[in-house]
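**Q**
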Amino acid sequence: MKLDGGQALIKSLEMEGVETIFGLPGGAILPVYDPIIDSPIRHVLVRHEQGAGHMAEGYAHATGRPGVAMVTSGPGATNIVTPLADAYMDSVPMVVITGQVPTSALGTDAFQEADITGITMGITKHNFLVTEAQDIPRAIREAFHIATTGRPGPVLVDIPKDIVDPRNPRSAMDWYWPEKVDLPGYHPVTTGDPAMIRRAAELILASERPVIYAGGGILKARAAEALRELAERCDIHVVTTLMARGAFPDDHPLCLGMPGMHGNYTAVTSMQQSDLLIALGSRFDDRVTGKVDAFAPDAKIIHVDIDPAELGKVRRPDAGIAGDCRLVIEELIVAIDDLGGPEAQPDRTTWKSTISGWCETFPLTYEMSEPGELLKPQFVLETLRDNTPDDCIVASGVGQHQMWASQHWKFNHPYTWVNSGGLGTMGFAVPAAIGAKVGRPDRMVWAVDGDGCFQMTAQELVTAASERIPVKIAILNNAYLGMVRQWQEMFYEERYSEVYLSPDLPDYKMWAEAMGCVGMRVESPEDVLPAIQRANEIDDRPVVIDFRTDAREKVYPMVPSGLGNSEIVVDPTQGSGGR
Amino acid sequence: MSVSKEHILTVLVENKPGVLARVAGLFARRGFNIVSLAVAPTDNARFSRITVVVDVESAPLEQIVKQLDKLVNVVKITELAPGDAVEREMLLATVTAPPATRGEVVELVGVFEGRILSVGSQELTISLEGSPSKVDDFERLLRAYGIVALQRTGRVALPKLEGVATDATVDPPRP
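Line by line, the protein sequences are chains C and U.
Just so we're aligned: the first sequence equals residues 217 to 795 in my numbering.
Just so we're aligned: the second sequence equals residues 48 to 222 in my numbering.
Pasting the structure below:
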């Protein structure tokens, strides 16, 4: 069958099972947009290419399937660099198609030319510059294979215009679909080394103070059930990192919540005082470890990760297992049984009562606002949490609101938390929520955003309104770049430099309405619930609620940057933290 | 230059555009230090071999190898401990050699089994192939005469074979 390269590209995406492309056309990618008209694939027309990338990420976070974005060359491609970096840091499967100037113009500084494969080399799992129309199906097949296997990640495919333009003879190709990929240098590991798994089982059975340190890899490996079985059988507490919220239910008695710089006291301290950390799909990120030399000093380490390069990168494991988390956990459970089962474990009564003591003494806390004061952001979040379905998907931006959302929400299901962890991309929430809603139209999707974040990507609500994607946005509007303000208050003697944003410039309600959304403003506690209830009932357009919150509120607990986790600062009402 | 911190990696890569940039970029962004780098096709047109000498302690070396291995176009990485490899490097140099000192330079080239490639009225262009330390010695001795231009290829290496004459025995005795 004779096709042109553009037809072959769209057909290849169909062969990969792509249902939705998030994109924005332009000169170089123009020929590929013509066959989209005849394709069953839905195209969501974004207002800025960064939005396309974050939507693809949100889609991938919520569904586990690769997100797909398509943009033009030059500025279109450079505008999607941030989402690529974000997806790379958080191991999000994503395929980005970029248009490129014709092969004859490559390297000539042609109009809208950018060396996007060069630019994105360090922030993609892999990228391709395809120079022959005949190679397009193979490149797309390989891109999806690489993006979705092993440690998932973003793959960029750069397509020069001449190989997709039917008016150019270079675009002619004979259609084929490669059943297999031929990548001699790409062999992701899956099963763990049995000897190491046995060693890990021995460590667990000898441990008196074990903690499971579950990371985003649990979700990528679809290992939430396996994790739960391991934790319950061995009766071991679990902390879920920012990337793993929902991987283990927050309402489970063994769940200790989020560790790290803004983790809760018990999660941080139990890791710090444990004698065995069972790291599953986590990578000892600096926001979790604090000062590495002072992190969990007495703990032996079991580290399971699909990426061998993570083993020993930050902390040398006593049992390092490269493999798929789900497969390794299942094997680990078998190995524990072979060594006598959970009954062979030491008595951990003291450790468990120590943990429950911390939980009682240092719960997450905040003080309610006095009449006439601005809203407490935690109160808004708790009200939202208690008045949305248990499986509601929550997306967030980056900053104080993100930490409060992670802390105060109860994530009881996997794939309900969509956020930017590694890169910390402000403006992630709105487009990521839209992508999540496209992937899971059956679910309610709320974005929790800050006012600073919202201003970075709000234009995508126009996309959502015109495409009838009914996401809901809660802006915790404290009129500041709140996290920066918090650092300036705590570490720069309250010298506030360039953090004030104003509560009503822009007018968020009017802005929302201008973008085709329902806009609301809430200033007093008694109006919080009615606004949320009203928003929940709207299902034909996006909703934006501008919650006016108290800028003085800080995220606690906090481990100050550069210090060890034993230096954790708790809410001032809880004293000095029991050190 | 501390020899103990140097490691030789021979990296078999797919012969595709941009692969060297991927490898070099990885070294740069992860803060790994390259001492020398040589790239050439192998007997199989699909693959090239990169020989890279890195300057690291052993723990980061593991990280370098693992990160390199994640590059999709990297097929195989072999680490050669300095004692277990046959290494070669080539040097081209143009040195000042007026009639008064030309004889000494020619003699030096002869002792090292180098070759004279080009002769000018005041200069000679010389080539030398050998183990990196031999090339180092030769370069140092040449400096006394005045180097006009100098180019080294960077090292290439293969594993030493067992029970067969290798580097140490085949090399001519060093002066």
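Just so you know, even glycine gets a beta-carbon here, dropped at the ideal spot from N, CA and C.
With H, G and I counted as helix, E and B as strand and the rest as coil, what does DSSP make of C:I537?
**A** The sequence position of residue 537 of chain C within the first sequence is 321, counting from 1. C:I537 falls in the strand class under three-state DSSP.
**Q** Along chain U, which residues have their Cβ under 8 Å away from the Cβ of C:L399?
**A** The count along the first sequence starts at 1 and reaches residue 399 of chain C at position 183. Result: V119.
**Q** Where does U:T89 sit, in a helix, a strand or coil, going by DSSP?
**A** In the second sequence, residue 89 of chain U corresponds to position 42, counting from 1. Here U:T89 sits in coil by DSSP.
**Q** Taking Cβ positions, are C:V311 and C:A285 nearer each other than 9 Å?
**A** Indexing the first sequence from 1 puts residue 311 of chain C at position 95. Indexing the first sequence from 1 puts residue 285 of chain C at position 69. A contact, by the Cβ cut-off of 9 Å.
**Q** What residues in the stretch 75–101 of chain U bring their beta carbon closer than 7 Å to a beta carbon of chain C?
**A** From the stretch 75–101 of chain U, only R76 have a Cβ closer than 7 Å to chain C.
**Q** Measuring CB atoms only, is the stretch 411–425 of chain C touching the stretch 57–74 of chain U, in the sense that at least three cross pairs come out at less than 8 Å?
**A** No, the stretch 411–425 of chain C is not in contact with the stretch 57–74 of chain U.
**Q** Taking a Cβ distance cut-off of 8 Å, strictly less, list which residues of the stretch 325–349 of chain C are near chain U, in chain order.
**A** Result list: T333, G334, M337, G338, K341, H342 and L345.
**Q** Assuming U:R140 is part of the alpha helix (DSSP H), what are its boundary residues?
**A** Your numbering for residue 140 of chain U matches position 93 in the second sequence. According to the sequence shown, residue 140 of chain U is Ala rather than Arg. Run containing U:A140: none in the alpha helix (DSSP H); it sits in the beta strand (DSSP E), A132 to T143.
**Q** When we look at the beta-carbon of C:Y631 and count the other beta-carbons within 10 Å, is it buried (16 or more) or exposed?
**A** Here residue 631 of chain C refers to the residue found at position 415 when the first sequence is read from its first residue. The residue is buried, with at least 16 neighbouring Cβ atoms inside 10 Å.
**Q** Name the chain C residues that come within less than 8 Å of U:V122, Cβ to Cβ?
**A** Position 75 of the second sequence, counted from the first residue, corresponds to residue 122 of chain U. Here the neighbours are P400 and G401.
**Q** Please work out which residues of its chain come closer than 7 Å, Cβ to Cβ, to U:E61, disregarding the five sequence neighbours upstream and downstream, and give them in chain order.
**A** Position 14 of the second sequence, counted from the start, is the residue given in the question as residue 61 of chain U. Contacts found: R93, F94, N120 and V122.
**Q** If the cut is a Cβ gap below 8 Å, which residues of chain C does U:Q110 touch?
**A** Reading the second sequence from its first residue, position 63 is the one you call residue 110 of chain U. By Cβ distance, chain C contributes A525, G528 and K529.
**Q** What's the C-alpha gap between C:G433 and C:M474?
**A** Taking the first residue of the first sequence as position 1, residue 433 of chain C is located at position 217. Taking the first residue of the first sequence as position 1, residue 474 of chain C is located at position 258. Between C:G433 and C:M474, the C-alpha separation is close to 15 Å.
**Q** Out of C:D331, C:K626, C:V234 and C:P741, which has the shortest C-alpha to C-alpha gap to C:Q316?
**A** Taking the first residue of the first sequence as 1, we reach residue 316 of chain C at position 100. Nearest of C:D331, C:K626, C:V234 and C:P741 to C:Q316, Cα basis: C:D331.
**Q** Name the residue from C:Y724, C:A276, C:C471 and C:G735 whose alpha carbon lies nearest to the alpha carbon of C:Q623.
**A** Walking along the first sequence from the start, residue 623 of chain C turns up at place 407. When only C-alpha atoms are compared, the closest one is C:C471.
**Q** Between U:K52, U:G65 and U:V99, which has its C-alpha nearest U:E136's C-alpha?
**A** On the second sequence, residue 136 of chain U is found 89 positions in, with the first residue counted as 1. Of U:K52, U:G65 and U:V99, the residue nearest in Cα terms is U:V99.
**Q** Please classify C:R357 as buried or exposed, where buried requires at least 16 other C-beta atoms within 10 Å of its C-beta.
**A** As a first step, residue 357 of chain C is located in the first sequence; it is residue number 141 there, counting from the start. That one is buried.
**Q** Near C:I691, which residues of its chain fall below 8 Å by C-beta distance, leaving aside the five closest residues on each side in sequence?
**A** Stepping through the first sequence from its first residue, residue 691 of chain C is reached at position 475. Taken in chain order, the residues that qualify are D665, G666, D667, F670, Y724, V760, I761, D762 and F763.
**Q** Can you give, in chain order, each stretch of the beta strand (DSSP E) that sits fully within the stretch 313–387 of chain C and has at least 3 residues?
**A** Those beta strand (DSSP E) runs which fall completely within the stretch 313–387 of chain C and span 3+ residues are 342–345 and 370–376.
**Q** Going along chain C, which residues have a C-beta under 9 Å from U:E61?
**A** Locating residue 61 of chain U in the second sequence gives position 14, where the first residue counts as 1. Under the 9 Å cutoff, chain C gives L399, P400 and G401.
**Q** From U:D116, U:E53, U:A144 and U:A204, pick the residue whose C-alpha is nearest to that of C:P524; which is it?
**A** As a working note, residue 524 of chain C is residue 308 in the first sequence. For C:P524, the nearest C-alpha among the options comes from U:D116.
**Q** Under the rule that 16 or more other beta-carbon atoms within 10 Å means buried, what is U:R202, buried or exposed?
**A** In the second sequence, counting from the first residue as 1, residue 202 of chain U sits at position 155. Its Cβ being crowded by 16 or more others within 10 Å, U:R202 is buried.
**Q** If we cut at 9 Å on Cβ distances, does U:E69 have a partner in chain C?
**A** Stepping through the second sequence from its first residue, residue 69 of chain U is reached at position 22. One point to set straight first is that residue 69 of chain U is Arg, not Glu, in the sequence displayed. Yes, U:R69 lies at the interface with chain C (some Cβ there is under 9 Å from its Cβ).
**Q** For C:L219 versus C:S255, is the C-beta distance shorter than 9 Å?
**A** Within the first sequence, residue 219 of chain C is the residue found at index 3, counting from 1. Within the first sequence, residue 255 of chain C is the residue found at index 39, counting from 1. Result no, Cβ atoms of C:L219 and C:S255 do not sit closer than 9 Å.
**Q** Cβ of C:P593 within 9 Å of Cβ of C:Q618?
**A** What you label residue 593 of chain C is simply residue 377 of the first sequence in a count that begins at 1. What you label residue 618 of chain C is simply residue 402 of the first sequence in a count that begins at 1. No, the pair does not count as a contact, with Cβ atoms beyond the cut-off.
**Q** Please list the terminal residues of the continuous alpha helix (DSSP H) segment that includes C:Y429.
**A** The sequence position of residue 429 of chain C within the first sequence is 213, counting from 1. Per DSSP, C:Y429 belongs to no alpha helix (DSSP H); it is in the beta strand (DSSP E), P426 to A430.
**Q** Go through its chain and collect everything with a Cβ distance to C:F627's Cβ below 6 Å, but skip five positions before and after it.
**A** If you number the first sequence from 1, residue 627 of chain C lands on position 411. If we look at C:F627 and ignore the five residues flanking it on each side, its Cβ neighbours are R461, G462, D466 and W633.
**Q** Figure out for me which residue from C:L240, C:V454 and C:Q350 has the closest Cα to the Cα of C:I313.
**A** Numbered from its first residue, the first sequence carries residue 313 of chain C at position 97. It is C:L240.
**Q** Enumerate in chain order the residues of its own chain whose CB-to-CB distance from C:A680 is below 6 Å, with the five nearest sequence positions on each side excluded.
**A** Taking the first sequence and counting its residues from 1, the one referred to as residue 680 of chain C is at position 464. Hits under 6 Å: I650, V687 and P758.
**Q** Taking three-plus beta-carbon pairs below 8 Å as touching, is the stretch 442–453 of chain C in contact with the stretch 509–516 of chain C?
**A** Short answer: they don't touch.
**Q** Are the beta-carbon atoms belonging to C:A349 and C:G221 less than 9 Å from one another?
**A** Counted from its first residue, the first sequence places residue 349 of chain C at position 133. Counted from its first residue, the first sequence places residue 221 of chain C at position 5. Yes, Cβ-Cβ distance for C:A349 and C:G221 is below 9 Å.
**Q** Could you pull the DSSP bridge partners for C:K396 from this structure?
**A** Here residue 396 of chain C refers to the residue found at position 180 when the first sequence is read from its first residue. For C:K396, which the question treats as bridged, DSSP gives no partner whatsoever.
**Q** Would the stretch 640–655 of chain C and the stretch 266–278 of chain C be scored as touching if the rule is three or more Cβ pairs under 8 Å?
**A** Flag = yes, the stretch 640–655 of chain C and the stretch 266–278 of chain C touch.
**Q** Just the C-alpha distance for C:Q223 and C:E265, rounded to the nearest angstrom, thanks.
**A** Counting from one through the first sequence, the residue named residue 223 of chain C turns up at place 7. Counting from one through the first sequence, the residue named residue 265 of chain C turns up at place 49. Those two C-alpha atoms are separated by around 22 Å.
**Q** Nearest CA to the CA of C:H342: which residue from C:E739, C:A437, C:I452 and C:A359?
**A** Counted from its first residue, the first sequence places residue 342 of chain C at position 126. When only C-alpha atoms are compared, the closest one is C:A359.
**Q** State yes or no: is the beta carbon of C:I362 nearer than 9 Å to at least one beta carbon in chain U?
**A** Position 146 of the first sequence, counted from the start, is the residue given in the question as residue 362 of chain C. True, the Cβ-Cβ gap to chain U drops below 9 Å.
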